[in-house]
Amino acid sequence: MSGRALAVLERVLPLAVGAGLLLLLGSTIAVRAGHPFDLEWTEGGTLAHAWRLQRHLPLYVVPGPDFVPFDIPPGYPAILSALGKIFGLSPLLGRIVSIVSIGAAAAAAAAVVRRAGAPLRVALCAAVIFLGAYPHVGASYDLVRPDSLGLALLGWAVALGLDARRGAEVASGLLLCAATLVQHTLAGFALPMALGIGLMQGWRAAGRFLGVALIPTGALGGWWQWRSDGAFLAYLVEVPASQPRDWGRAWLAVPRELGTPLPLAVGAIGLWAVLSSIQRQRGIGPGICAILGVWSGMISAFLGTYRPPPPDSGLYNAPSAVAFWALGTIPVATGLWLLGAGLQRRRGAAPSGRALYGLGIGCVALIGAAALRARGGGLLGAYLPLPWCLAVGLGCVCGRWLAQAPTPWVRALVAGGLTTQLSWSVILFDRAAVVPTSADLDAGRRVLSSLLEVEGPVLSPYAAWLPVYLGRPPSLHHAGVWSIEAPSGPFVHELASIEGALRGQRWARVVGSDRRFLEAFYEAYEPARQVVDPRSDLLRPKTGWDVQPWRLWRPKISPPRAPAG
Numbered sequence: 147m148s149g150r151a152l153a154v155l156e157r158v159l160p161l162a163v164g165a166g167l168l169l170l171l172g173s174t175i176a177v178r179a180g181h182p183f184d185l186e187w188t189e190g191g192t193l194a195h196a197w198r199l200q201r202h203l204p205l206y207v208v209p210g211p212d213f214v215p216f217d218i219p220p221g222y223p224a225i226l227s228a229l230g231k232i233f234g235l236s237p238l239l240g241r242i243v244s245i246v247s248i249g250a251a252a253a254a255a256a257a258v259v260r261r262a263g264a265p266l267r268v269a270l271c272a273a274v275i276f277l278g279a280y281p282h283v284g285a286s287y288d289l290v291r292p293d294s295l296g297l298a299l300l301g302w303a304v305a306l307g308l309d310a311r312r313g314a315e316v317a318s319g320l321l322l323c324a325a326t327l328v329q330h331t332l333a334g335f336a337l338p339m340a341l342g343i344g345l346m347q348g349w350r351a352a353g354r355f356l357g358v359a360l361i362p363t364g365a366l367g368g369w370w371q372w373r374s375d376g377a378f379l380a381y382l383v384e385v386p387a388s389q390p391r392d393w394g395r396a397w398l399a400v401p402r403e404l405g406t407p408l409p410l411a412v413g414a415i416g417l418w419a420v421l422s423s424i425q426r427q428r429g430i431g432p433g434i435c436a437i438l439g440v441w442s443g444m445i446s447a448f449l450g451t452y453r454p455p456p457p458d459s460g461l462y463n464a465p466s467a468v469a470f471w472a473l474g475t476i477p478v479a480t481g482l483w484l485l486g487a488g489l490q491r492r493r494g495a496a497p498s499g500r501a502l503y504g505l506g507i508g509c510v511a512l513i514g515a516a517a518l519r520a521r522g523g524g525l526l527g528a529y530l531p532l533p534w535c536l537a538v539g540l541g542c543v544c545g546r547w548l549a550q551a552p553t554p555w556v557r558a559l560v561a562g563g564l565t566t567q568l569s570w571s572v573i574l575f576d577r578a579a580v581v582p583t584s585a586d587l588d589a590g591r592r593v594l595s596s597l598l599e600v601e602g603p604v605l606s607p608y609a610a611w612l613p614v615y616l617g618r619p620p621s622l623h624h625a626g627v628w629s630i631e632a633p634s635g636p637f638v639h640e641l642a643s644i645e646g647a648l649r650g651q652r653w654a655r656v657v658g659s660d661r662r663f664l665e666a667f668y669e670a671y672e673p674a675r676q677v678v679d680p681r682s683d684l685l686r687p688k689t690g691w692d693v694q695p696w697r698l699w700r701p702k703i704s705p706p707r708a709p710a711g
């Protein structure tokens, strides 16, 4: 192949496939954005937080029949509340915020790859590869949830952390502070970012970064803790800590659910780790380094794929094997790399600050995803930082290879790898599975029409925003109730007030699902009317927990009491 033909191929082919993937994703999100009902079952509950802020009602209150908050900071609901004063509070508004945010997160991914020295075409491909993981992270990029906004702020904090200009570390810290106020679990990225900034720009810069990242967060958190009489940290820390963890699910789920859509990204990072450990290590022979890294990955791949995923799960064993191999290889190769870096530092050669910066961020993303995936219920939104890191890592690895060996073979390999990964994302993209239909819309309208016939408050614990369309307050959400049910939780005894309201038949109608609610509900209410066929997929959320609001319940008529005497 001539040099001119190769130049055209490496520029046109990956970008053309990427443009097709963007078109597919854009058309999907455009259809979903205006759907008035929940695409994921917690959307209505998140909007309820913003609804309360608009009315100057506190968020972190003792659980009661009206409201149980989610374990999220107030940042995202506050933004929705402010924008809702102008545009009206609705699912569309919340999704637009998330769509703009995920676009900013993709732009941050491209910026990081460019600052790592990769060509623009590679940076753009990395951004699109991240976006292409959309179906496999719960289709959560465009939901009324804080995940996308938190990732956008984190992504640009990471990008500015690579900027050597004076003041960039302060801007990076402020963005990480904002990200933490949107999603508090992102605070874990502060330490690896500070270490990387310290190695790249000096420890004074690292101190300034930590100061602006953590001090405002701590001050605001302390103020909210005081104003809420201690409930703020109880919801954000104690409630999640009280819930059960299934680490076995995390061990199998994370490699499968990210290896299936991003096999080449994970594999390239694992290969780079092995090659880097060989190049950096001087005390151990390169052959031993290669054997230790590769074979640890092979053992991990064997153990992880010995039992294949269920046939109807949408997960594949072969690409999952690549992820298991990488997760087994990277820790060993990284340990050898750090050993070699330490030995070279003793000889006066400092380790790469950028490499340690990226390594630390990737490790925190992996650990955080595993911890949140292991949590009861398994949170798919926890994955957003990890596919972002994998796509950025792939772009940086490709850029490094092109810089070190810009031969025709390497250029063709990089172009082919990026094209293959993008094509694989297109193949796996099941648009029909995540797009609501007109039948879903009609089913939701039938539920609302049935509720209009009844006066009085409505409890809709699985679709909390439904009562708002009737001019009534949003409903108590089952996700909040479920989160405080753990026996060791700080608010488990407060369930009595909710159970008392149920037994007292506080609500005129309840929109029920096939999922179990509190037992007091079944003592006080009886089925009234089926409005959606439970055997169908109508009005089921397109991602997340499978709950279908299909039947209305009414208060039971109490039998007359026997006369005294």
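In this text, residue positions in the sequence shown follow our numbering: the first is 147, and each later residue adds one.
Every residue gets a Cβ at the ideal spot worked out from N, C-alpha and C, and that includes glycine.
ALA674: not part of any alpha helix (DSSP H); member of the beta strand (DSSP E) spanning 671-676, first to last residue. Per the C-alpha coordinates, the member of THR331, SER584, VAL385 and ALA351 positioned closest to ILE513 is THR331.
Of the other Cβ atoms in all chains shown, fewer than 16 fall within 10 Å of the Cβ of GLU669; this residue is therefore exposed. In this structure PHE575 is buried. Its beta-carbon is surrounded by 16 or more other beta-carbon atoms within 10 angstroms.
Contact between the segment 443-458 and the segment 379-393 is absent: fewer than three C-beta pairs spanning the two stretches fall below 8 Å. Bounds of any alpha helix (DSSP H) do not take in GLY658; it lies within the beta strand (DSSP E) bounded by 655-658. Distance between ILE507 and GLY307, taken at the CA atoms: about 11 Å.
In this structure, the CA atom of VAL274 is about 16 Å from the CA atom of GLU156. In the DSSP assignment, PRO701 falls within the beta strand (DSSP E) that extends over 697-701. Taking a C-beta distance under 8 Å as the contact criterion, VAL268 and THR565 do not qualify as a contact pair. In its chain, beyond the 5 residues on either side, MET147, LEU152, LEU155 and GLU156 have a beta carbon closer than 8 Å to the beta carbon of ALA558.
ASP293 has its alpha-carbon roughly 12 Å from the corresponding atom of ALA515. Close CB contacts of GLY481 within its chain, under the 6 Å cut and outside five residues either way in sequence, are absent.
The beta carbon of VAL560 sits closer than 8 Å to the beta carbons of GLU156, VAL268, CYS544, TRP547 and LEU548 from its chain, once the five residues preceding and following it are set aside; these are given in chain order.
Within the segment 424-476, the complete alpha helix (DSSP H) runs of at least 4 residues fall at 432-451. Taken through DSSP and simplified to helix, strand or coil, LEU605 comes out as strand. Checking the DSSP bridge columns, you'll see ARG150 has no partner listed. Counting along the chain, the unbroken alpha helix (DSSP H) around ASP588 starts and ends at 584-598.
Rounded to whole angstroms, the Cβ separation of ALA272 and VAL538 is 6 Å, and the two are in contact under 8 Å.
Per the Cβ contact rule, the segment 195-212 is not in contact with the segment 312-327 (fewer than 3 Cβ pairs under 8 Å). Per DSSP, the beta bridge partners of ARG521 are ARG391. By the neighbour-count criterion, in which 16 or more other beta carbons inside 10 Å mark a residue as buried, LYS688 falls on the buried side. Looking at the backbone, the Cα of ILE175 and that of ALA436 are separated by about 44 Å. Apart from the 5 residues on each side of it in sequence, CYS509 sits with its Cβ closer than 8 Å to the Cβ of PRO338 in its chain, given in chain order. Counting only the Cα atoms, LEU568 lies some 24 Å from VAL420. As the crow flies, the alpha-carbon of GLY278 is around 11 Å from that of ALA165. With fewer than 16 other Cβ atoms inside 10 Å of its own Cβ, ILE703 counts as exposed. With respect to ASP217, SER629 sits close: the two C-beta atoms are nearer than 8 Å. In this structure GLY240 touches GLU189 by the C-beta definition: roughly 7 Å separates them, less than 8 Å.
Taking the Cβ atoms as the reference, LEU360 lies roughly 15 Å from VAL328, outside the contact range of under 8 Å. VAL412 has its alpha-carbon roughly 18 Å from the corresponding atom of LEU270. According to the DSSP assignment, ILE245 belongs to the alpha helix (DSSP H) that extends over 237-261. Per DSSP, the continuous alpha helix (DSSP H) segment holding THR363 begins and ends at 349-373. The Cβ neighbour count for TYR503, taken over all protein chains shown within 10 Å, is at least 16; the residue is labelled buried. Residue range 221-233 is occupied by the alpha helix (DSSP H) that includes TYR222.
Closest in C-alpha terms to VAL400, from the list VAL383, HIS282, VAL677 and SER442, comes HIS282.
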